[in-house]
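**Q** Dumping the structure here so I can ask a few things about it.
In this note's numbering, the protein residues as written are 26 to 321.
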């Protein structure tokens, strides 16, 4: 394949140690995997990273590790929180460390009205001078970032670089792409919808399975190279893998496979207790799945 610059971002796990704390050594192992997979863009402290189960100080310490260990990667820092003040603090801390791109979603638990979402973004923009990515994930936050709200944020903040839509609603994604793909980087956040999203204007994908397998990047490469037949075939083969990964509660299998691959005795933060219940053969099926589809 001719494509070298792959617009697939890894929404990375937080490589916890056996006590459920971020581990520098495990982070180095993870980054080596990314280099092997050909992925140079990472998104720490998102949903896959279980940011919501980490204290503010733990998130800061992990972000400091990222700054020190991932200098060769493009980093989009997740600063999401259930409250605006903490999001502001994380955004300011990210800028203090030298990061210039953040990813922000609405606050959660209390269902946010659209005016709340606008205020949340504006408040964070007051302490962060870099680029923003709007993160729409209503199944977790309880509120969708509507098209008109996105337009307001683009106009009022002026530093929106992209949008990550993880809603899984391809009709809504079509509206996002129709309104913003000519001016912003629009990313699909559901791996199994990547090809559909690319065909209607997506820039690329933020794909959680890239934590353990680079196969979905082939979908992107074949599409960009104009080999739609191979892109379609690869997406179909990949979707079987996607089902396997999501057989257990998100994102347990991704962590279990990463730990098993590298013989790491990792533990997820409380209250997640899924990993010890995952059948070993299921983990091995995931690890042994193909990582590349050769062109025909």
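Note that beta-carbon positions come from the ideal geometry of N, C-alpha and C, so glycine has one too.
#1: Within 10 angstroms of the Cβ of residue 254, are there 16 or more other Cβ atoms? Answer buried if so, exposed if not.
#2: Report yes or no: do three or more beta-carbon pairs, one from the region 116-133 and one from the region 152-160, lie closer than 8 Å?
#3: Looking at the unbroken beta strand (DSSP E) that takes in residue 210, where does it start and where does it end?
#4: Can you tell me the Cα-Cα spacing of residue 36 and residue 236, whole angstroms?
#5: Between the Cα of residue 100 and those of 119, 309, 272, spot the shortest distance and give me the residue it belongs to.
#6: Mind checking which residues open and close the alpha helix (DSSP H) that includes residue 243?
#7: If you run the structure through DSSP and keep just helix, strand and coil, what is residue 28?
#8: Using the Cα positions of residue 257 and residue 123, report the straight-line distance between them to the nearest angstrom.
#9: Is residue 201 near residue 185, with beta carbons less than 7 Å apart?
#10: Helix, strand or coil for residue 189, going by three-state DSSP, please let me know.
#11: Can you say whether residue 219 is buried or exposed, counting buried as having 16 or more other CB atoms within 10 angstroms of its CB?
#12: Cutting at 7 Å between CB atoms, please list the residues of its own chain near residue 125, excluding the five before and the five after it.
#13: Could you check where the beta strand (DSSP E) with residue 161 kicks off and where it finishes?
#14: Look up residue 44 in the DSSP assignment and say whether it is helix, strand or coil.
#15: For residue 80, which of 311, 294, 48 has the nearest alpha-carbon?
#16: Relative to the C-alpha of residue 142, which residue among 214, 199, 109 is closest?
#17: Please confirm if the region 53-60 is in contact with the region 300-317, defined as three or more CB-CB distances below 8 Å between the two stretches.
#18: Within this structure, are the beta carbons of residue 279 and residue 38 separated by less than 7 Å?
#19: Which ranges would you report for the beta strand (DSSP E) in the region 249-311 if only whole runs of at least 3 residues count?
#20: What residue does the alpha helix (DSSP H) around residue 126 start on, and which one ends it?
#21: Closer than 6 Å: is that where the CB of residue 181 sits relative to any heavy atom of the ligand ADP?
#22: What does the alpha-carbon distance come out to for the pair residue 73 and residue 66?
#23: Which residue wins for smallest C-alpha separation from residue 282, given the options 234, 240, 149?
#24: What would DSSP say about residue 176, mapped onto helix, strand or coil?
#25: Counting along the chain, where does the alpha helix (DSSP H) carrying residue 231 start and finish?
#26: Give the DSSP-derived three-state secondary structure of residue 99 in the structure shown.
#27: Measure the C-alpha to C-alpha separation of residue 53 and residue 96 and round it to an integer number of angstroms.
#28: Hey, would you say residue 115 sits closer than 7 Å to residue 104, going by beta carbons?
**A** The short version:
#1: Reading the chain shown from its first residue, position 229 is the one you call residue 254. Its Cβ having fewer than 16 others within 10 Å, residue 254 is exposed.
#2: Short answer: they touch.
#3: Locating residue 210 in the chain shown gives position 185, counting from the first residue. For residue 210, the enclosing beta strand (DSSP E) starts and ends at 210-213.
#4: For this step, residue 36 is matched to residue 11 along the chain shown. For this step, residue 236 is matched to residue 211 along the chain shown. Taking the straight line joining both Cα atoms gives about 8 Å.
#5: Sequence index remark: in the chain shown, residue 100 carries index 75 (1-based). Residue 100 has its Cα closest to that of 119, out of 119, 309, 272.
#6: The residue labelled residue 243 in the question sits at position 218 within the chain shown. Run containing residue 243: 240-249, per the alpha helix (DSSP H) assignment.
#7: As a position in the chain shown, residue 28 is number 3, starting the count at 1. For residue 28, the pLDDT reaches just 49, beneath the cut-off of 50, and the residue's location in the model is therefore unreliable, leaving the point undetermined.
#8: If you number the chain shown from 1, residue 257 lands on position 232. If you number the chain shown from 1, residue 123 lands on position 98. Taking the Cα positions, residue 257 is about 39 Å away from residue 123.
#9: Here the question's residue 201 lines up with position 176 in the chain shown. Here the question's residue 185 lines up with position 160 in the chain shown. No, Cβ-Cβ distance for residue 201 and residue 185 is not below 7 Å.
#10: Taking the chain shown and counting its residues from 1, the one referred to as residue 189 is at position 164. If DSSP states are grouped into helix, strand and coil, residue 189 belongs with the strands.
#11: Taking the first residue of the chain shown as position 1, residue 219 is located at position 194. So residue 219 ends up on the buried side.
#12: Here residue 125 corresponds to residue number 100 of the chain shown, with the count starting at 1. 155, 156.
#13: Residue mapping note: residue 161 aligns to position 136 of the chain shown, counting from 1. Start and end: 156-161.
#14: By one-based count along the chain shown, residue 44 stands at place 19. Three-state result, residue 44: coil.
#15: Here the question's residue 80 lines up with position 55 in the chain shown. The candidate whose alpha carbon is nearest that of residue 80 is 294.
#16: Here residue 142 is taken as the residue at index 117 of the chain shown, counted from 1. It is 109 whose Cα lies nearest to the Cα of residue 142.
#17: Inter-segment contact for the region 53-60 and the region 300-317 is absent: fewer than three beta-carbon pairs are separated by less than 8 Å.
#18: As a position in the chain shown, residue 279 is number 254, starting the count at 1. As a position in the chain shown, residue 38 is number 13, starting the count at 1. The answer is yes: Cβ separation under 7 Å.
#19: Entirely contained in the region 249-311, not one beta strand (DSSP E) run reaches 3 residues.
#20: Against the chain shown, residue 126 aligns to sequence position 101. For residue 126, there is no enclosing alpha helix (DSSP H); the enclosing beta strand (DSSP E) covers residues 126-129.
#21: The ligand ADP is not part of this structure, which contains no ligands at all.
#22: As a working note, residue 73 is residue 48 in the chain shown. As a working note, residue 66 is residue 41 in the chain shown. Those two C-alpha atoms are separated by around 15 Å.
#23: Position 257 of the chain shown, counted from the first residue, corresponds to residue 282. Selection 234, 240, 149 evaluated against residue 282 yields 234 as nearest (Cα-Cα).
#24: Residue numbering aside, residue 176 sits at position 151 when the chain shown is read from its first letter. Correct three-state label for residue 176: helix.
#25: As a first step, residue 231 is located in the chain shown; it is residue number 206 there, counting from the start. Not the alpha helix (DSSP H): residue 231 falls in the beta strand (DSSP E), residues 229-231.
#26: One-based indexing of the chain shown puts residue 99 at position 74. Three-state DSSP puts residue 99 in a strand.
#27: By 1-based counting over the chain shown, the position of residue 53 is 28. By 1-based counting over the chain shown, the position of residue 96 is 71. Rounded to the nearest angstrom, the two C-alpha atoms are 12 Å apart.
#28: Looking up residue 115 in the chain shown gives position 90. Looking up residue 104 in the chain shown gives position 79. It is a contact, given that the beta carbons lie within the stated cut-off.
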